[in-house]
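What follows is a short report on a single structure.
2 protein chains.
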Amino acid sequence: MISERVLKELASVLGPEHFTSRCEDLITFGTDATKLRFMPDAVAFPGTPDEISRIFQLANQERFPVIPRGAGSGKSGGALPVEGGLILAMDRFNRILEIDERNLIARVESGVITAVFQEAVEKVDLFYPPDPASIHISTLGGNVAECAGGLRAVKYGVTRDYVLGLGAVLPTGEIIRTGVVTAKGVVGYDLTRLLIGSEGTLAVVTEVVVRLIPKPAYRKTMMAFFETAAATVETVSEIIRSRIVPTALEFMDKTCIGCVDESVGLSAPKGTGALLLIEVDGDKGLARKEATRVEEICSRRGALEFRSPSRRKQGEKLWEARRDVSESLYKLRPDKISEDIVVPRSRMAHFIGFLEGLARTHTLPMAAYGHAGDGNIHVNILFDEKIPGEREKAQTAVKELFLKVIEMKGTLSGEHGVGVTKAPFVEMELSKPVLELMGRLKKAFDPNGILNPGKIFPYKI
Amino acid sequence: MISERVLKELASVLGPEHFTSRCEDLITFGTDATKLRFMPDAVAFPGTPDEISRIFQLANQERFPVIPRGAGSGKSGGALPVEGGLILAMDRFNRILEIDERNLIARVESGVITAVFQEAVEKVDLFYPPDPASIHISTLGGNVAECAGGLRAVKYGVTRDYVLGLGAVLPTGEIIRTGVVTAKGVVGYDLTRLLIGSEGTLAVVTEVVVRLIPKPAYRKTMMAFFETAAATVETVSEIIRSRIVPTALEFMDKTCIGCVDESVGLSAPKGTGALLLIEVDGDKGLARKEATRVEEICSRRGALEFRSPSRRKQGEKLWEARRDVSESLYKLRPDKISEDIVVPRSRMAHFIGFLEGLARTHTLPMAAYGHAGDGNIHVNILFDEKIPGEREKAQTAVKELFLKVIEMKGTLSGEHGVGVTKAPFVEMELSKPVLELMGRLKKAFDPNGILNPGKIFPYKI
Numbered sequence: 001m002i003s004e005r006v007l008k009e010l011a012s013v014l015g016p017e018h019f020t021s022r023c024e025d026l027i028t029f030g031t032d033a034t035k036l037r038f039m040p041d042a043v044a045f046p047g048t049p050d051e052i053s054r055i056f057q058l059a060n061q062e063r064f065p066v067i068p069r070g071a072g073s074g075k076s077g078g079a080l081p082v083e084g085g086l087i088l089a090m091d092r093f094n095r096i097l098e099i100d101e102r103n104l105i106a107r108v109e110s111g112v113i114t115a116v117f118q119e120a121v122e123k124v125d126l127f128y129p130p131d132p133a134s135i136h137i138s139t140l141g142g143n144v145a146e147c148a149g150g151l152r153a154v155k156y157g158v159t160r161d162y163v164l165g166l167g168a169v170l171p172t173g174e175i176i177r178t179g180v181v182t183a184k185g186v187v188g189y190d191l192t193r194l195l196i197g198s199e200g201t202l203a204v205v206t207e208v209v210v211r212l213i214p215k216p217a218y219r220k221t222m223m224a225f226f227e228t229a230a231a232t233v234e235t236v237s238e239i240i241r242s243r244i245v246p247t248a249l250e251f252m253d254k255t256c257i258g259c260v261d262e263s264v265g266l267s268a269p270k271g272t273g274a275l276l277l278i279e280v281d282g283d284k285g286l287a288r289k290e291a292t293r294v295e296e297i298c299s300r301r302g303a304l305e306f307r308s309p310s311r312r313k314q315g316e317k318l319w320e321a322r323r324d325v326s327e328s329l330y331k332l333r334p335d336k337i338s339e340d341i342v343v344p345r346s347r348m349a350h351f352i353g354f355l356e357g358l359a360r361t362h363t364l365p366m367a368a369y370g371h372a373g374d375g376n377i378h379v380n381i382l383f384d385e386k387i388p389g390e391r392e393k394a395q396t397a398v399k400e401l402f403l404k405v406i407e408m409k410g411t412l413s414g415e416h417g418v419g420v421t422k423a424p425f426v427e428m429e430l431s432k433p434v435l436e437l438m439g440r441l442k443k444a445f446d447p448n449g450i451l452n453p454g455k456i457f458p459y460k461i
Numbered sequence: 001m002i003s004e005r006v007l008k009e010l011a012s013v014l015g016p017e018h019f020t021s022r023c024e025d026l027i028t029f030g031t032d033a034t035k036l037r038f039m040p041d042a043v044a045f046p047g048t049p050d051e052i053s054r055i056f057q058l059a060n061q062e063r064f065p066v067i068p069r070g071a072g073s074g075k076s077g078g079a080l081p082v083e084g085g086l087i088l089a090m091d092r093f094n095r096i097l098e099i100d101e102r103n104l105i106a107r108v109e110s111g112v113i114t115a116v117f118q119e120a121v122e123k124v125d126l127f128y129p130p131d132p133a134s135i136h137i138s139t140l141g142g143n144v145a146e147c148a149g150g151l152r153a154v155k156y157g158v159t160r161d162y163v164l165g166l167g168a169v170l171p172t173g174e175i176i177r178t179g180v181v182t183a184k185g186v187v188g189y190d191l192t193r194l195l196i197g198s199e200g201t202l203a204v205v206t207e208v209v210v211r212l213i214p215k216p217a218y219r220k221t222m223m224a225f226f227e228t229a230a231a232t233v234e235t236v237s238e239i240i241r242s243r244i245v246p247t248a249l250e251f252m253d254k255t256c257i258g259c260v261d262e263s264v265g266l267s268a269p270k271g272t273g274a275l276l277l278i279e280v281d282g283d284k285g286l287a288r289k290e291a292t293r294v295e296e297i298c299s300r301r302g303a304l305e306f307r308s309p310s311r312r313k314q315g316e317k318l319w320e321a322r323r324d325v326s327e328s329l330y331k332l333r334p335d336k337i338s339e340d341i342v343v344p345r346s347r348m349a350h351f352i353g354f355l356e357g358l359a360r361t362h363t364l365p366m367a368a369y370g371h372a373g374d375g376n377i378h379v380n381i382l383f384d385e386k387i388p389g390e391r392e393k394a395q396t397a398v399k400e401l402f403l404k405v406i407e408m409k410g411t412l413s414g415e416h417g418v419g420v421t422k423a424p425f426v427e428m429e430l431s432k433p434v435l436e437l438m439g440r441l442k443k444a445f446d447p448n449g450i451l452n453p454g455k456i457f458p459y460k461i
């Protein structure tokens with residue numbers, strides 16, 4: 001609990017219009033895309049790195065938690081105030097500072113919404129590839145915190161691959177810059193990539209320097225329907241083996257297709273067991289050639305139907321189906337646990353088989369979709385909290401899922417992070433010396449443990 | 001100094017055939033590509049992570065420095081035993097463990113020579129892009145330590161962009177794995193990228209897991225000669241602005257051309273002030289189209305001559321000129337200081353102008369070549385140690401060079417690292433709180449400071 005005296009001091013640092021501790025204001029800042037709920041003591045809307053620094057000085061002195069928050073679209077609870085404390089809402093860091101067309105570099109404040117930034121760079125014919133499904137809500141700072149991936153990662157990589165440098169405030173109060181504003185740089189330890197994916201536990205990012213690439217001249221979206229999930233993911237392996245690198249290779253299982261079909265009107269052919277959404281982009285001639293080869297592979301692999309719309313708008317419609325999946329699954333049950341495990345691409349068919357068995361064993365609907373090109377599958381375990389025993393069944397299933405993933409040399413998270421939801425399982429993947437080392441790194445940044453406590457680590461550090 | 005008793009103990013850990021403290025054996029392990037000389041106390045050739053762990057236990061107990069060493073081709077002195085101690089020569093970690101064609105992932109021991117690994121993956125039609133100029137000597141472990149870049153970085157990125165995970169031994173003795181063996185992963189802090197570019201000061205890397213890409217089907221090498229350096233780098237900017245992403249965009253100034261011309265027989269046209277080596281690769285049709293556009297841009301920018309050999313062998317000849325530069329500069333003077341600063345691409349012309357002025361002021365030959373596509377210029381300041389005052393003049397010039405680079409918002413090193421040679425200047429680029437934070441990170445890994453001391457930091461930490 002932050003004392004009244006300290007709340008007053010915070011209000012005076014920020015100005016009363018940028019600070020609140022009124023209960024009704026706090027509620028929305030206690031939850032995120034996990035739908036878990038906690039209650040912060042107050043919310044600050046800082047306007048400058050200097051204000052954040054002053055907040056940290058106070059937090060170290062008075063020992064209250066500070067939880068940075070972008071848009072609250074995180075799927076592992078990274079922005080949740082699990083131990084109460086002060087939410088640092090980064091909304092006011094909302095300026096695109098510079099798009100340097102000559103050097104293909106941009107500087108952006110961390111509260112800028114990713115899609116807004118993307119549109120701005122595309123206006124000058126440039127391209128910022130990372131595109132998490134939450135792109136219209138999530139902020140660049142949140143993307144950095146989680147090392148967000150997205151639909152185009154199979155070709156273009158993830159947030160980490162585009163960030164050159166950061167402006168940040170350390171939990172000890174110092175305002176720092178990391179990395180470079182040039183194409184390359186290796187001076188000192190790579191603080192930039194250490195902060196990327198650190199889930200807001202090491203520093204508060206205020207500015208992001210990213211590299212841009214030329215906007216692809218052309219893109220083509222396709223969709224292939226298959227009888228079985230196994231056939232679908234084997235097609236993915238064959239596309240990759242044939243040296244085509246599509247922009248997107250998205251998988252959706254039968255359960256997902258059922259849910260999406262209703263809302264978007266996908267009209268999947270009868271007998272569809274799974275589908276692939278495929279996109280190629282780049283030079284028009286080359287992309288078309290690749291599209292033809294993708295079609296050949298899909299037909300050889302027994303696709304029930306292959307759609308290759310020539311109009312952009314129809315292509316968008318196919319994407320709509322993919323974007324709609326996550327929300328549409330709530331039709332099946334009011335609650336879900338959404339994981340984003342990764343397995344070796346070549347073992348996806350085996351994994352999908354395992355998943356079907358898991359759903360049968362636990363008599364719960366399970367849906368799988370995601371970035372098949374990366375082996376990054378979003379496994380959704382659906383349940384109804386009000387039905388006794390269903391949450392527990394779901395939780396048992398998650399544990400079995402993770403055991404299988406580790407056995408397959410996979411990882412528990414491809415892009416959502418550990419946060420709160422996966423912290424109890426993190427020891428399945430990270431060894432004791434690795435976790436201890438990470439604990440020492442955390443202490444090197446945040447000796448008093450004030451910044452975003454209760455995340456990543458399975459125990460109090 | 002390591003005592004006789006400890007030397008004996010080390011010999012028994014490693015076996016006498018994998019350990020030496022004989023003076024004549026030690027000499028070559030005291031130097032590297034910087035040509036600086038120090039003397040280690042002993043050299044170990046460990047064969048397993050477990051042996052390295054036991055060495056570290058002993059080193060912590062007896063407090064002697066341990067200096068990991070790949071091929072000793074580093075240009076900033078990262079492998080030099082500046083405080084004596086034990087050289088950990090990684091020669092025996094020389095196996096390619098797996099090339100997984102289905103998942104486009106390879107596992108390699110850190111002592112494998114980069115070119116050997118590249119040839120192995122190219123045999124199965126895959127591609128590992130990072131290609132430092134030292135590729136036929138340097139090891140993957142050394143490339144990881146320095147985050148090596150190379151000639152193709154403008155299109156394909158640097159070592160960091162291909163490493164998925166590492167096997168490593170911490171200076172506290174624990175054997176760890178970092179990262180993933182899948183396409184993606186974000187569980188816990190990014191130890192993989194923290195170790196990359198840490199110049200062997202945080203852990204000893206024993207295994208490297210890398211992602212591979214399909215081997216480009218076609219490549220085309222071209223060379224353009226210009227009257228002035230300014231025209232040359234402006235051409236680079238125009239190529240980049242025109243949305244072409246060449247594989248390589250290498251610059252060489254007049255001094256370099258003069259040196260190379262003799263040895264390789266370049267026959268540069270009269271009046272040449274600088275040249276560009278350009279390569280495009282990928283799909284044959286697209287690469288040819290890009291080559292045509294590159295030629296158009298060069299001719300519009302007033303190229304004196306444009307070479308576009310159709311035979312592979314002639315293309316190789318052009319590359320030979322580029323690879324020969326570094327060594328051929330010794331014709332001018334017996335000694336040189338070789339820097340690898342980066343400036344914003346758009347300001348290269350300004351920078352080259354500055355450099356010409358610097359050479360005049362200090363009356364020393366200076367040569368510039370390098371990765372113009374990244375703004376990463378290798379500045380060579382030539383001198384003769386035996387001529388009184390020349391080394392001092394060269395050192396003064398380095399300082400002025402660095403001041404200019406920082407003023408231009410550049411960085412002191414694009415790919416060589418800080419090591420010993422740039423440590424005295426690192427405070428020009430890194431702020432006090434950043435260096436202090438890096439010091440705390442170093443302590444979190446290596447509380448007793450036994451691993452590769454005297455590197456990166458400008459003071460004893």
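Taken in order, these protein sequences are the chains called A and B. Quick note, the first sequence lines up with residues 1 to 461 if you use my numbering. Quick note, the second sequence lines up with residues 1 to 461 if you use my numbering. From the three backbone atoms N, C-alpha and C, an ideal C-beta is built for every residue, glycine too.
Item                                                                                                                 : Value
Environment of L166(A) [buried if 16+ CB atoms lie within 10 Å]                                                      : buried
Rounded separation between P81(B) and T192(A) - CA only                                                              : 29 Å
8 Å Cβ cut-off: residues of chain A touching D446(B)                                                                 : Chain A residues near D446(B): none, gap ~11 Å exceeds 8 Å.
Below-7 Å beta-carbon distance, P246(A) vs any chain B residue                                                       : no
Under the three-state DSSP convention, the category S346(B) falls into                                               : helix
Extent of the continuous alpha helix (DSSP H) to which Y156(A) belongs                                               : A153 to Y156
Close-in-space but distant-in-sequence residues of the same chain around S263(A) (CB under 7 Å, 5 per side omitted)  : D324 and S328
Under the three-state DSSP convention, the category M223(B) falls into                                               : strand
Residue burial classification, C259(A) (beta-carbon count within 10 angstroms, cutoff 16)                            : buried
Where L412(A) meets chain B, residues with beta-carbon distance less than 8 Å                                        : V187
Environment of S413(A) [buried if 16+ CB atoms lie within 10 Å]                                                      : buried
Nearest residue (CA-CA) to R54(B), options T411(B), P171(B) and R69(B)                                               : P171(B)
In DSSP terms, what R311(B) is bridged to                                                                            : R311(B) is not bridged to any residue.
Contact with chain B by P344(A), beta-carbon distance below 7 Å                                                      : yes
Unbroken alpha helix (DSSP H) run spanning E427(A), endpoints                                                        : Careful: E427(A) lies outside any alpha helix (DSSP H) and carries neither H nor E.
Neighbour-count burial assignment, M438(B), 16 or more Cβ in a 10 Å radius                                           : buried
Residue range of the unbroken beta strand (DSSP E) whose run includes I176(B)                                        : I175 to G179
Residue span of the beta strand (DSSP E) that contains F383(A), given as start and end                               : N376 to F383
Where N143(B) meets chain A, residues with beta-carbon distance less than 8 Å                                        : The contacting residues do not exist; N143(B) stays about 11 Å from chain A at best.
Chain A contact for I438(B) (CB, 7 Å cutoff)                                                                         : Reading off the sequence shown, one finds Met at residue 438(B), where the question assumed Ile. At least one chain A Cβ lies under 7 Å of M438(B).
Same chain, Cβ closer than 6 Å to C256(A), neighbours up to 5 away in sequence not counted                           : V325, A367 and Y369
Candidates A106(B), S431(B), R307(B) and L10(B), of which the one nearest I52(B) by Cα                               : L10(B)
Pair within 7 Å by beta-carbon distance, P433(B) and P458(B)                                                         : no
At least 3 beta-carbon pairs within less than 8 Å: the stretch 126-142 of chain A vs the stretch 380-388 of chain B  : no
Cross-strand partners of Y369(A) (DSSP beta bridge)                                                                  : M252(A) and H378(A)
Best match in V163(B), K220(B) and F225(B) for proximity to G508(B) [C-alpha to C-alpha]                             : Any property of residue 508(B) remains undetermined from this structure, which presents chain B solely from 1 to 461.
Beta-carbon proximity of R333(A) to A444(B), cut-off 7 Å                                                             : no
Three-state secondary structure assigned by DSSP to I277(A)                                                          : In the sequence as presented, Ile is not what sits at residue 277(A); that position holds Leu. L277(A): strand per DSSP, three-state reduction.
Beta-carbon proximity check, G197(B) vs G78(B), cutoff 7 Å                                                           : no
Proximity to L36(B) [Cα-Cα], best of T421(B), E427(B) and A203(B)                                                    : T421(B)
Nonlocal neighbours in the same chain, by C-beta distance under 8 Å from V124(A), ignoring five residues either side : I99 and E101
Paired residues, beta bridge with S12(B) - DSSP                                                                      : In DSSP, S12(B) forms no bridge with anything.
Chain-ordered residues of the stretch 314-343 of chain A with a beta carbon less than 8 Å from chain B               : V342 and V343
Complete runs of the alpha helix (DSSP H) confined to the stretch 37-101 of chain A [at least 4 residues]            : 49-62
Cutoff 7 Å: T182(A) Cβ touching any chain B Cβ                                                                       : yes
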